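Chains as they are written, first to last, in our numbering: chain A, 1 to 475; chain B, 1001 to 1226. All C-beta atoms in this analysis are idealised placements derived from N, C-alpha and C, irrespective of residue type, glycine included. All of these numbers come straight from a predicted model, not from anything done at the bench. The structure under discussion appears below in the form of structure tokens.
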């Protein structure tokens, strides 16, 4: 897909379609106009009642103080994720970084064990017990049986720390649970990915634990912008961009691949030419060569998030329509900005299925080449399917063929995942992803349902670009 | 119009953890302002008329027409000796009236204006978030751009009153547009510099913050500009 239009040409057209909201009164007044109620209960935030013959009975799942059983889990979004082995050693009701757009709060209540029936204080795992069990799982011990986690460990799928919660919080510095886990993985030479906004991973002990891992380590820093003032608005409790880039510099110098994650990408809020110049410049100074991208998470398109943005004078609706809700606008803007960053020498990939065919790495987290001891990934995912189908050069691929390919490449992580992905392959089920979003197209019916083949370009993007070029020509 | 009916659209504006729609009631006039400050309306000849001092309240707190202010609180008498006590908002009747007056275009005959009815609103696609207003050369168009599929919906009204034209593209949220027609079936809509003024030529008037096509991602605060 080619065009002479720059990102900012395209954005100008999108800006003629998605307008900016005016408000009648002062936003500071709106900020003051909070709901104030007195005498609210101080107990659990949530109560659930169930009707039985004796009447309404309160129902609750009182969870233990630790969450060792759910700390290591294959993501319930593994259908769309090539690296879905998640580990979190800290958990709590809310992270101290207070990012306005936090999707982890939403994900944690839906993707994994529900621990919001009874809100727990900030808690960490029992490291001794957890590491003993993790070691047994890695060694092929009886614990874990044929679980998806056991399969993932057998395949050496990198453990990813930090998808559900920020693990490198200030209290970690005192307790050191995550440090113990990183050291354990380093001793085992097991590959690890860290997702964080905390600069703690750039400090000596943590840096050593990562750099000493013979299996390799990647640290992905969530950085929507290189502008300290803007990040202070949307991530009030998190380290500044300058501090995070400094941590990235230290990691890269120590041989740990430091990746910048622009997630969410925020059109109209953080996408000016000056913003791009600043970001690219900071990447160069920090030795960052890889940038991961994603659109604004649809999961946090809720009224509360919108109001948090509005109270700070940020037009949530405009950003959300352009960066998430409209697949045409979102895909095109992401594609164009990634193309701009590529022209500056940065390797770019996105999790967004509409644009992912243009990724520089099959693995959207951009970890290829970072793990020295070899590693595996979940080929039984939408990314794996798109990659396999595109490698067949336009030939139609049946479910049976793809199933055999996955089995030959190490197998499915679980029977449940195979079933879920079969539904996704046939545009069925309730997965958050769709085969139809990516750059493959239906090619009839065959063994096990639909057949798919590679399309030259994603039709949605091509149509959107054609429309934008027409509109840009009109001035 | 009964006050409960007049408060209906304001209830639809919503409330939540960080803000509320607010209303103010004095004599036979009611003002309502959405929690996100994008819509405000005024209803005249509200029944019953308020006999005491004007009062402002969060719309979701409204319990009865028998309400009085007691220091920082509002007390609603709900009958049979039961009282509901809630915190009063910072807003006042006078404050909302002053805000409304800033955007009142009733005495602006030159503004571009068009009569629109609830039937026009029914032509719009409620799934599309904005309605753009285009007034040029005596014709008036409302346009919806479907950024989900790439199509455009246009409704044209040939006869436009007023001599003005819309100097810069201006849109309204579809949700706000439809909310107006919960109070009246037709309005003369005038286009201001960044906002809309809607008047049913009887007892309902509204102002709606416009949506601008500029390269800015921050909200445009009209009152601070005025």
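| request: Closer than 7 Å by beta-carbon distance: list the chain B residues that pair up with residue 19 (chain A), in chain order. | output: On the first chain, residue 19 (chain A) is found 19 positions in, with the first residue counted as 1. Per Cβ cutoff of 7 Å: 1130, 1171, 1211, 1212 and 1213.
| request: Could you check what DSSP says for residue 195 (chain A) in three-state terms: helix, strand or coil? | output: Position 195 of the first chain holds residue 195 (chain A). Residue 195 (chain A) carries a strand assignment under DSSP once its states are collapsed to helix, strand and coil.
| said: Is there a C-beta anywhere in chain B that falls below 8 Å from the one on residue 30 (chain A)? | reply: Against the first chain, residue 30 (chain A) aligns to sequence position 30. Residue confidence is low: residue 30 (chain A) scores 47 on pLDDT, short of 50, so the model does not pin down where it sits. Its coordinate-derived value is still stated next. Yes, residue 30 (chain A) counts as interfacial toward chain B.
| field | Host alpha helix (DSSP H) of residue 1205 (chain B) (start-end) | value | Taking the second chain and counting its residues from 1, the one referred to as residue 1205 (chain B) is at position 205. Secondary structure note for residue 1205 (chain B): it is in no alpha helix (DSSP H), and the uninterrupted beta strand (DSSP E) holding it is 1204 to 1209.
| request: Tell me whether residue 231 (chain A) sits in a helix, a strand or coil according to DSSP, three-state version. | output: Here residue 231 (chain A) corresponds to residue number 231 of the first chain, with the count starting at 1. DSSP places residue 231 (chain A) in helix when its eight states are reduced to three.
| query | Which value, in whole angstroms, describes the spacing of the CA atoms of residue 1055 (chain B) and residue 1069 (chain B)? | reply | Looking up residue 1055 (chain B) in the second chain gives position 55. Looking up residue 1069 (chain B) in the second chain gives position 69. If you take the alpha carbons of residue 1055 (chain B) and residue 1069 (chain B), they lie about 7 Å apart.
| In its own chain, which residues sit with a C-beta less than 7 Å from the C-beta of residue 465 (chain A), not counting the 5 before and 5 after it? | By one-based count along the first chain, residue 465 (chain A) stands at place 465. So the list reads 1, 3 and 332, once near-sequence residues are dropped.
| said: Just verifying my parser: in three-state terms, what is the DSSP assignment at residue 1137 (chain B)? | reply: Sequence index remark: in the second chain, residue 1137 (chain B) carries index 137 (1-based). Coil at residue 1137 (chain B), not helix or strand.
| request: Give me the Cβ distance between residue 162 (chain A) and residue 88 (chain A), rounded to the nearest whole Å; I'm assuming they're in contact under 8 Å. | output: Stepping through the first chain from its first residue, residue 162 (chain A) is reached at position 162. Stepping through the first chain from its first residue, residue 88 (chain A) is reached at position 88. The C-beta distance from residue 162 (chain A) to residue 88 (chain A) rounds to 7 Å, short enough to fall under 8 Å.
| query | If you check the beta carbons only, do residue 1059 (chain B) and residue 1006 (chain B) fall under 8 Å apart? | reply | In the second chain, residue 1059 (chain B) corresponds to position 59, counting from 1. In the second chain, residue 1006 (chain B) corresponds to position 6, counting from 1. Against a cut-off of 8 Å, the Cβ pair of residue 1006 (chain B) and residue 1059 (chain B) comes out as no contact.
| What does a CB cutoff of less than 6 Å around residue 444 (chain A) pick up in its chain, not counting 5 residues either side in sequence? | In the first chain, residue 444 (chain A) corresponds to position 444, counting from 1. Cβ neighbours of residue 444 (chain A) beyond the five flanking positions: 451.
| said: Check this for me: beta carbons of residue 1157 (chain B) and residue 1204 (chain B), under 8 Å apart or not? | reply: Here the question's residue 1157 (chain B) lines up with position 157 in the second chain. Here the question's residue 1204 (chain B) lines up with position 204 in the second chain. Not closer than 8 Å, so no.
| query | Quick one, which of A:266, A:291, A:11 and A:90 has its alpha-carbon nearest residue 298 (chain A)'s? | reply | Here residue 298 (chain A) corresponds to residue number 298 of the first chain, with the count starting at 1. Considering only alpha carbons, the answer is A:266.
| query | Which ranges would you report for the alpha helix (DSSP H) in the segment 369 to 429 of chain A if only whole runs of at least 4 residues count? | reply | The qualifying runs are 382 to 390, 399 to 408 and 415 to 425.
| query | In chain A, what lies closer than 7 Å to residue 1207 (chain B) by C-beta? | reply | Position 207 of the second chain holds residue 1207 (chain B). Under the 7 Å cutoff, chain A gives 24.
| Residue range of the alpha helix (DSSP H) that residue 334 (chain A) falls in? | Position 334 of the first chain holds residue 334 (chain A). Counting along the chain, the alpha helix (DSSP H) containing residue 334 (chain A) begins and ends at 327 to 343.
| query | Expressed to the nearest angstrom, what Euclidean distance is found between the alpha-carbon atoms of residue 275 (chain A) and residue 227 (chain A)? | reply | Locating residue 275 (chain A) in the first chain gives position 275, where the first residue counts as 1. Locating residue 227 (chain A) in the first chain gives position 227, where the first residue counts as 1. Distance between the alpha carbons of residue 275 (chain A) and residue 227 (chain A) is about 7 Å.
| request: Report buried or exposed for residue 317 (chain A), applying the criterion of at least 16 other Cβ atoms within 10 angstroms of its Cβ. | output: In the first chain, counting from the first residue as 1, residue 317 (chain A) sits at position 317. Buried is the label assigned to residue 317 (chain A), since at least 16 other Cβ atoms lie within 10 Å of its Cβ.
| query | Hey, how far is the Cα of residue 146 (chain A) from the Cα of residue 414 (chain A)? | reply | Counted from its first residue, the first chain places residue 146 (chain A) at position 146. Counted from its first residue, the first chain places residue 414 (chain A) at position 414. When the Cα atoms are used, residue 146 (chain A) and residue 414 (chain A) turn out to be separated by approximately 8 Å.
| Where the alpha helix (DSSP H) through residue 188 (chain A) begins and ends | Here residue 188 (chain A) refers to the residue found at position 188 of the first chain. DSSP places residue 188 (chain A) inside the alpha helix (DSSP H), whose first and last residues are 177 to 188.
| task | List the whole-angstrom C-beta distance separating residue 306 (chain A) from residue 394 (chain A), where the pair is believed to meet the contact cut-off of C-beta under 8 Å. | result | As a first step, residue 306 (chain A) is located in the first chain; it is residue number 306 there, counting from the start. As a first step, residue 394 (chain A) is located in the first chain; it is residue number 394 there, counting from the start. Going by Cβ atoms, the distance from residue 306 (chain A) to residue 394 (chain A) rounds to 43 Å, so no, they are not a contact pair.
| task | Give the DSSP-derived three-state secondary structure of residue 283 (chain A) in the structure shown. | result | Mapped onto the first chain, residue 283 (chain A) falls at position 283. Residue state, collapsed to three classes: helix.
| query | So what does DSSP say about residue 159 (chain A), is it helix, strand or coil? | reply | Working through the first chain from its first residue, we reach residue 159 (chain A) at position 159. Here residue 159 (chain A) carries a strand assignment [DSSP, helix/strand/coil].
| Contact set for residue 416 (chain A): own chain, Cβ-Cβ below 8 Å, skip 5 residues either direction | Here the question's residue 416 (chain A) lines up with position 416 in the first chain. If we look at residue 416 (chain A) and ignore the five residues flanking it on each side, its Cβ neighbours are 148.
| Assigned secondary structure, residue 1221 (chain B) (DSSP; H/G/I helix, E/B strand, else coil) | Position 221 of the second chain, counting from 1, holds the residue named residue 1221 (chain B). Residue 1221 (chain B): strand per DSSP, three-state reduction.
| query | Are the C-beta atoms of residue 12 (chain A) and some chain B residue less than 8 Å apart? | reply | The residue you call residue 12 (chain A) lines up with position 12 of the first chain. The beta carbon of residue 12 (chain A) falls within 8 Å of a beta carbon belonging to chain B, placing the residue at that interface.
| message | Cβ closer than 8 Å: which chain A residues qualify as neighbours of residue 1076 (chain B)? | response | Translated into the one-based positions of the second chain, residue 1076 (chain B) becomes position 76. By Cβ distance, chain A contributes nothing, its closest Cβ being about 15 Å from residue 1076 (chain B), past 8 Å.
| field | Proximity test, Cβ basis, 8 Å: residue 1057 (chain B) and chain A | value | Counting from 1 along the second chain, the entry for residue 1057 (chain B) is found at position 57. Chain A contact via Cβ: absent.
| field | Straight-line Cα distance separating residue 183 (chain A) from residue 132 (chain A) | value | Within the first chain, residue 132 (chain A) is the residue found at index 132, counting from 1. Within the first chain, residue 183 (chain A) is the residue found at index 183, counting from 1. Going by the C-alpha atoms only, they are around 14 Å apart.
| message | Need the endpoints of the beta strand (DSSP E) that residue 320 (chain A) sits in, please. | response | Counted from its first residue, the first chain places residue 320 (chain A) at position 320. Per DSSP, residue 320 (chain A) belongs to no beta strand (DSSP E); it is in the alpha helix (DSSP H), 316 to 320.
| For residue 546 (chain A), does the count of other Cβ atoms within 10 angstroms reach 16, so buried, or fall short, so exposed? | Any question about residue 546 (chain A) goes unanswered here, given that chain A covers just 1 to 475.
| Which of the three DSSP states, helix, strand or coil, is assigned to residue 348 (chain A)? | Within the first chain, numbered from 1, the residue matching residue 348 (chain A) stands at position 348. It is a strand residue.
| query | In whole angstroms, what is the alpha-carbon distance linking residue 422 (chain A) and residue 399 (chain A)? | reply | The residue you call residue 422 (chain A) lines up with position 422 of the first chain. The residue you call residue 399 (chain A) lines up with position 399 of the first chain. One alpha carbon belongs to residue 422 (chain A), the other to residue 399 (chain A), and they sit about 7 Å apart.
| field | Reduced DSSP secondary structure (H/G/I, E/B, other) of residue 1182 (chain B) | value | To locate residue 1182 (chain B), count along the second chain from 1; it is residue 182. Here DSSP, grouped into helix, strand and coil, assigns residue 1182 (chain B) to coil.
| query | Got a sec: is the Cβ-Cβ distance from residue 479 (chain A) to anything in chain B below 8 Å? | reply | This structure cannot speak to residue 479 (chain A), because chain A is shown only from 1 to 475.
| task | Decide if the segment 95 to 106 of chain A is in contact with the segment 374 to 382 of chain A; the criterion is three or more beta carbon pairs, one per stretch, under 8 Å apart. | result | Note that the segment 95 to 106 of chain A does not touch the segment 374 to 382 of chain A; fewer than 3 beta-carbon pairs, one per stretch, sit closer than 8 Å.
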